[in-house]
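Protein chains in written order, with the working numbering: chain A, 1 to 191; chain B, 1 to 191. In this text, a Cβ means the ideal position worked out from N, Cα and C, and glycines have one as well. Right, one structure below, let's go through it.
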């Protein structure tokens, strides 16, 4: 950020009075430009014993597999956003969405809200941002070709829960270490 | 938004190529300025059979009661954000946080992540943004003096769950109708 979006004046990065964090502040009109994490809403579309994955037709991670997910829009519900992304990326209608995972990705300031949903009639096809879509049983998941750590973590928990016969909410952080490897911090569930 | 934060050029609101929604687009450098919902992370601090509320020392809703909550920061965990807000607004340390509610507030493009947490040693006092803080049993809750619909809904669900002896995750939307009254849409829980 270099210019104030309200008056066009130059902004500098400094700690405003009464604050403890550095913000972009306009030198002309004093407006503080707060920046906050973005929400990515996504879905695990379930069909019988399989789940739907999409192979990415866009960067980053072109050609790798992911769960349908994308940025939530203003004036939108989180549940609607997860269903919309599934429709856009996989031409698939999902119903009965329930929250399954909340993951904070500290290195990119994103919060993933991952829902489970029932894929209607088992119908899906590649949307504009997907090369292909397919249904996978657990033993068919392309673990080495998943696009993101958060997708890997979500699917790992999902199949563990399914084997145990109980789906519980998962809350975690995904943190990039100094070696650029990702660590997952998992919070305990409700007592 | 009137000016591009990258080049200082004028922005106009229009639908970019390949998009379906109106965005602020720079007329000089073509940069699209996406705007997304902000996350408010908050806590229900529990101490024996009581919970902690704060009376607001800031607008909006100066003088009314609320749960400690505030905007999540970049590079922060949602769980850490809820605990930080509780510390800032009530000088209170909370532990063992578990996600209790996810509410999308469509009229202000905010997503509330509300956690339950255990108040350490029952200690709290007014932080800078609070006039006072206090512990309330269910029959003491100032229902007519709560600051926000989302706080009312969270507390209503909370005490219903407590009477039933089971805390479950709640997912809902809060929608402002044409009469400016708020409706709550509740999604069913996991099957």
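For residue i, write down the residues that DSSP places opposite it in a beta bridge.
i	result
residue 185 of chain A	A/173
residue 24 of chain B	B/13 and B/33
residue 194 of chain A	Any property of residue 194 of chain A remains undetermined from this structure, which presents chain A solely from 1 to 191.
residue 130 of chain B	B/56
residue 136 of chain B	B/51
residue 146 of chain B	B/65
residue 167 of chain B	In DSSP, residue 167 of chain B forms no bridge with anything.
residue 3 of chain A	A/10
Rounded to whole angstroms, what's the CA-CA distance from residue i to residue j? Just pull it up for me.
i	j	result
residue 184 of chain A	residue 172 of chain B	28 angstroms
residue 176 of chain B	residue 142 of chain A	44 angstroms
residue 43 of chain B	residue 129 of chain B	16 angstroms
residue 140 of chain A	residue 64 of chain A	15 angstroms
residue 8 of chain A	residue 119 of chain B	45 angstroms
residue 98 of chain B	residue 157 of chain A	17 angstroms
residue 112 of chain A	residue 103 of chain B	15 angstroms
residue 189 of chain A	residue 73 of chain B	23 angstroms
residue 227 of chain A	residue 48 of chain B	Residue 227 of chain A lies beyond the range of chain A shown here (1 to 191); nothing can be said about it.
residue 152 of chain B	residue 57 of chain A	44 angstroms
residue 37 of chain A	residue 162 of chain B	32 angstroms
residue 28 of chain A	residue 61 of chain A	41 angstroms
residue 174 of chain B	residue 131 of chain B	27 angstroms
residue 46 of chain B	residue 168 of chain B	16 angstroms
residue 24 of chain B	residue 147 of chain A	30 angstroms
residue 83 of chain A	residue 67 of chain A	12 angstroms
residue 127 of chain A	residue 91 of chain A	6 angstroms
residue 76 of chain A	residue 114 of chain B	18 angstroms
residue 40 of chain A	residue 52 of chain B	31 angstroms
residue 107 of chain A	residue 145 of chain A	21 angstroms
residue 15 of chain B	residue 31 of chain B	12 angstroms
residue 81 of chain A	residue 71 of chain A	8 angstroms
residue 121 of chain B	residue 187 of chain A	22 angstroms
residue 180 of chain A	residue 149 of chain A	12 angstroms
residue 13 of chain B	residue 5 of chain B	15 angstroms
residue 35 of chain A	residue 3 of chain A	14 angstroms
residue 165 of chain B	residue 154 of chain B	16 angstroms
residue 19 of chain B	residue 86 of chain A	16 angstroms
residue 69 of chain A	residue 116 of chain A	12 angstroms
residue 159 of chain B	residue 135 of chain B	14 angstroms
residue 209 of chain B	residue 10 of chain A	Residue coverage of chain B in this structure runs from 1 to 191, which leaves residue 209 of chain B outside it and unanswerable.
Check the Cβ of residue i against every Cβ in chain B and list those closer than 9 angstroms, keeping chain order.
i	result
residue 58 of chain A	None at all; the shortest Cβ gap to chain B is about 11 angstroms.
residue 71 of chain A	34 and 36
residue 92 of chain A	The premise fails here: residue 92 of chain A is roughly 18 angstroms from chain B at the closest Cβ pair, so nothing lies under 9 angstroms.
Run down chain B in chain order and give the residues with a C-beta less than 7 angstroms from the C-beta of residue i.
i	result
residue 74 of chain A	35, 36, 37 and 109
residue 31 of chain A	What residue 31 of chain A touches in chain B: nothing, since even the nearest Cβ is about 11 angstroms away.
Can you pull the chain A neighbours of residue i, defined as C-beta to C-beta under 8 angstroms?
i	result
residue 167 of chain B	190
residue 21 of chain B	73
residue 155 of chain B	In chain order: nothing, as chain A lies at least about 18 angstroms away.
residue 146 of chain B	Ordered by position in chain A, no residue passes the 8 angstroms Cβ test against residue 146 of chain B, which lies about 22 angstroms from the chain.
Quick one: list the residues of chain B neighbouring residue i, beta-carbon separation under 8 angstroms, in chain order.
i	result
residue 120 of chain A	The contacting residues do not exist; residue 120 of chain A stays about 16 angstroms from chain B at best.
residue 3 of chain A	3, 4, 5, 6, 7 and 8
residue 98 of chain A	171, 187, 188, 189, 190 and 191
residue 106 of chain A	75, 76 and 77
residue 67 of chain A	Result: empty, since nearest Cβ-Cβ is about 18 angstroms, beyond 8 angstroms.
What residues of chain A sit near residue i, judged by a beta carbon separation below 7 angstroms?
i	result
residue 130 of chain B	What residue 130 of chain B touches in chain A: nothing, since even the nearest Cβ is about 15 angstroms away.
residue 87 of chain B	Here the premise fails: no neighbours, minimum Cβ distance about 12 angstroms.
At a CB-CB cut-off below 9 angstroms, which residues of chain A make contact with residue i?
i	result
residue 53 of chain B	Ordered by position in chain A, no residue passes the 9 angstroms Cβ test against residue 53 of chain B, which lies about 22 angstroms from the chain.
Can you check whether the C-beta of residue i is within less than 8 angstroms of a C-beta belonging to chain E?
i	result
residue 64 of chain A	This model lacks chain E altogether; the protein chains it does include are A and B.
### Query
Can you list, in chain order, the stretches of the alpha helix (DSSP H) that have 4 or more residues and sit fully within the segment 52 to 119 of chain B?
Fully contained in the segment 52 to 119 of chain B are the following alpha helix (DSSP H) runs of length 4 or more, in chain order: 78 to 90.
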